[in-house]
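Undergrad: Below you will find the structure I want to go over with you.
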Amino acid sequence: MKTKTSFYCTECGNEFPKWAGRCMACGAWNTIAERPTEAAVRRSSSARKDNRTAISLGGNRKARPITELSTAEELRFATGMGELDRVLGGGAVKGSLVLVGGAPGIGKSTLMLQICAQLCSTGDVLYVSGEESEHQLKMRAERLHVCNSNLYVLSETNLSDILESVHENKPNVLIIDSIQTMFSDALDTPPGSIGQVKECTMTLMQLAKGEGVTVFVIGHVNKEGSIAGPKVLEHMVDCVLYFEGDQHMSYRILRAAKNRFGATNEIGVFEMADKGLAEVANPSETLLSGRPQDAPGTCVTCAMEGARPVLAEIQALIAPTAYANPRRTSNGLDYNRSAMLMAVLEKRGGLKISNCDAYLNVIGGLSLDEPAADLAIMIALASSYLDAPVGSDLAAIGEVGLTGELRSVQSIGQRLCEVQRLGFHKCVVPWQKTDKLTGLDNLELIRVKTIGQALQAVLGK
Ligand SMILES: Nc1ncnc2c1ncn2[C@@H]1O[C@H](COP(=O)(O)OP(=O)(O)OP(=O)(O)O)[C@@H](O)[C@H]1O
Ligand SMILES: [Mg+2]
Numbered sequence: 027m028k029t030k031t032s033f034y035c036t037e038c039g040n041e042f043p044k045w046a047g048r049c050m051a052c053g054a055w056n057t058i059a060e061r062p063t064e065a066a067v068r069r070s071s072s073a074r075k076d077n078r079t080a081i082s083l084g085g086n087r088k089a090r091p092i093t094e095l096s097t098a099e100e101l102r103f104a105t106g107m108g109e110l111d112r113v114l115g116g117g118a119v120k121g122s123l124v125l126v127g128g129a130p131g132i133g134k135s136t137l138m139l140q141i142c143a144q145l146c147s148t149g150d151v152l153y154v155s156g157e158e159s160e161h162q163l164k165m166r167a168e169r170l171h172v173c174n175s176n177l178y179v180l181s182e183t184n185l186s187d188i189l190e191s192v193h194e195n196k197p198n199v200l201i202i203d204s205i206q207t208m209f210s211d212a213l214d215t216p217p218g219s220i221g222q223v224k225e226c227t228m229t230l231m232q233l234a235k236g237e238g239v240t241v242f243v244i245g246h247v248n249k250e251g252s253i254a255g256p257k258v259l260e261h262m263v264d265c266v267l268y269f270e271g272d273q274h275m276s277y278r279i280l281r282a283a284k285n286r287f288g289a290t291n292e293i294g295v296f297e298m299a300d301k302g303l304a305e306v307a308n309p310s311e312t313l314l315s316g317r318p319q320d321a322p323g324t325c326v327t328c329a330m331e332g333a334r335p336v337l338a339e340i341q342a343l344i345a346p347t348a349y350a351n352p353r354r355t356s357n358g359l360d361y362n363r364s365a366m367l368m369a370v371l372e373k374r375g376g377l378k379i380s381n382c383d384a385y386l387n388v389i390g391g392l393s394l395d396e397p398a399a400d401l402a403i404m405i406a407l408a409s410s411y412l413d414a415p416v417g418s419d420l421a422a423i424g425e426v427g428l429t430g431e432l433r434s435v436q437s438i439g440q441r442l443c444e445v446q447r448l449g450f451h452k453c454v455v456p457w458q459k460t461d462k463l464t465g466l467d468n469l470e471l472i473r474v475k476t477i478g479q480a481l482q483a484v485l486g487k
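For this note's numbering, count along the sequence shown from 1 and bump the result up by 26.
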């Protein structure tokens, strides 16, 4: 029998009898999704009870004083990928459900298969793929050197068959690749639909909490870059990680958008190579390698990627324009902010760049949306305009205001330690809050109040 569905808006929650492209209640486009009616949901949960693979949440039904509960068995374990452990808040938690999202081909399956190498040394792992055959998985595992007898693979999309296999093999860790390909018999809607994604995640959550299996779920992302499926999906799971990166660059960044067991301000940096993903423990050094010496138009700054300071090189090219309207482009930087900084440079720095084309680029495919990069952007622009190189041992950190004043930035101490660690000897910083910094014996701070002073100190202009 066909399951009855109703339609609702994922933005405002209003219900409709029919699908429409636009929500009539809140006016949002493309937010109407279907879900089974209450009666159908009741039917599906009773069907699950009949099923011998039915799973209930762990714990007994009686409320207990919190002091009687013990956390001794609440184990964290290492995944073998230091960068992933860092993002998870110091390792994966037993019985948690982690959702990993990312663009197509970014390396989600590779990351999950690679952690199996370590996970298999302490227990069994079941890798379920709805996207690749068992032979294809074996080929990939061989390439990544993760062939281990504790690693079980299954090419399956039916959730009840997967649960059966879980009960048979009793793995410590279950990996689902991907949630959009899985389907539950309880619903008649196709895999990947809102109802199916929600139902499958709910069942996997019960498995994680009830049986203490750690579940990693891979999720596709939609065109806006968030995980495809209902908004509630992110509320249901314990951790949401996003795997990001430029298709054309080999660097990949893993970020936590939500973590019930740790902070969300940590990032992990990886590099995609032939043998899979390699951890980049020292991203600053990698990003700065190959930096040109004594070339005009480049300046190094220190950005905070989550809680981690990362050095980034900003390059600028300024040339007289051949057009009526000069061309302005910026890669990895906010276009409007760059335009504003150019206006400040002209008005407060006295450089006539309004009749020049200007190109800005952040090396390594990084994207810097922090105001702390302002000063380095302006120094790179001025260096290119004046054709005067910036010293190769100099970095710049600071926000620039519309009057050309320099403003302090957060975590300046941490940033300067990173600058010093990478062997820089000078750093231009805002005047405020930089007089009492300690532990910077090998770094000369050039403390300035305005952009004019900064250009004078760095380029002699
Ligand atoms: N034989 C190979 N040699 C080198 N690199 C490879 C090889 N096969 C795949 N890769 C790299 O791995 C990437 C694909 O990784 P992976 O399949 O893990 O991505 P994914 O995020 O799971 O993709 P999808 O969303 O399609 O499942 C490719 O873009 C490529 O860079
Ligand atoms: Mg994949």
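Beta carbons: idealized from backbone N, C-alpha and C, even for Gly.
Bear in mind that the values here come from a model prediction, so they are computed numbers and not experimental data.
1) Terminal residues of the continuous beta strand (DSSP E) containing Glu-168?
2) I need the boundaries of the beta strand (DSSP E) containing Arg-473, first residue and last residue.
3) Going by CA-CA distance only, name the one from Ala-414, Val-113, Leu-185 that's closest to Cys-226.
4) Hey, out of Lys-459, Leu-123, Val-306, Gly-156, whose CA is closest to Leu-267's CA?
5) Please list, following the chain, all residues that have a C-beta closer than 6 Å to any non-hydrogen atom of ligand 1.
6) Helix, strand or coil, according to DSSP, for Asp-400 in the structure here?
7) Answer yes if the stretch 159 to 179 comes into contact with the stretch 215 to 226, meaning at least three C-beta pairs across the two stretches below 8 Å, and no otherwise.
8) Helix, strand or coil, according to DSSP, for Leu-314 in the structure here?
9) What does the alpha-carbon distance come out to for the pair Gln-479 and Thr-347?
10) Is Gly-465 buried or exposed, if buried means 16 or more other CB atoms sit within 10 Å of its CB?
11) Should Asp-264 be listed as close to ligand 2, given that the test is whether its C-beta is under 7 Å from any heavy atom?
12) If you drop the 5 nearest sequence neighbours on each side, which residues of the same chain put their C-beta closer than 6 Å to that of Met-107?
13) Whole-angstrom Cβ separation of Val-223 and Gly-255, contact assumed at under 8 Å?
14) List the endpoints of the continuous beta strand (DSSP E) containing Gly-271.
15) Would you call the stretch 150 to 167 and the stretch 286 to 300 in contact, with 3 or more CB pairs under 8 Å?
16) Would you list the one or two residues that DSSP bridges to Val-124?
17) Check Asn-362 in the structure and name its three-state DSSP category.
18) Buried or exposed for Ala-307, please, with buried defined as at least 16 other CB atoms from any protein chain shown within 10 angstroms of its CB.
19) Going by alpha carbons, who is nearest to His-261 out of Leu-125, Glu-311, Thr-183, Lys-88?
20) Put Gly-137 into one of helix, strand or coil per three-state DSSP.
21) In angstroms with no decimal places, state the Cα-to-Cα distance between Leu-337 and Asp-211.
TA: Judging by the given coordinates:
1) Premise fails: Glu-168 lies in the alpha helix (DSSP H), 160 to 169, not in any beta strand (DSSP E).
2) 470 to 474
3) Leu-185
4) Leu-123
5) Gly-128, Pro-130, Gly-131, Ile-132, Gly-133, Lys-134, Ser-135, Thr-136, Glu-157, Arg-169, Met-298, Asp-300
6) helix
7) no
8) helix
9) 28 Å
10) exposed
11) no
12) Ile-141
13) 4 Å
14) 265 to 271
15) no
16) Phe-242, Cys-265
17) helix
18) exposed
19) Leu-125
20) As written in the sequence, residue 137 is Leu, which differs from the Gly given in the question. If DSSP states are grouped into helix, strand and coil, Leu-137 belongs with the helices.
21) 51 Å
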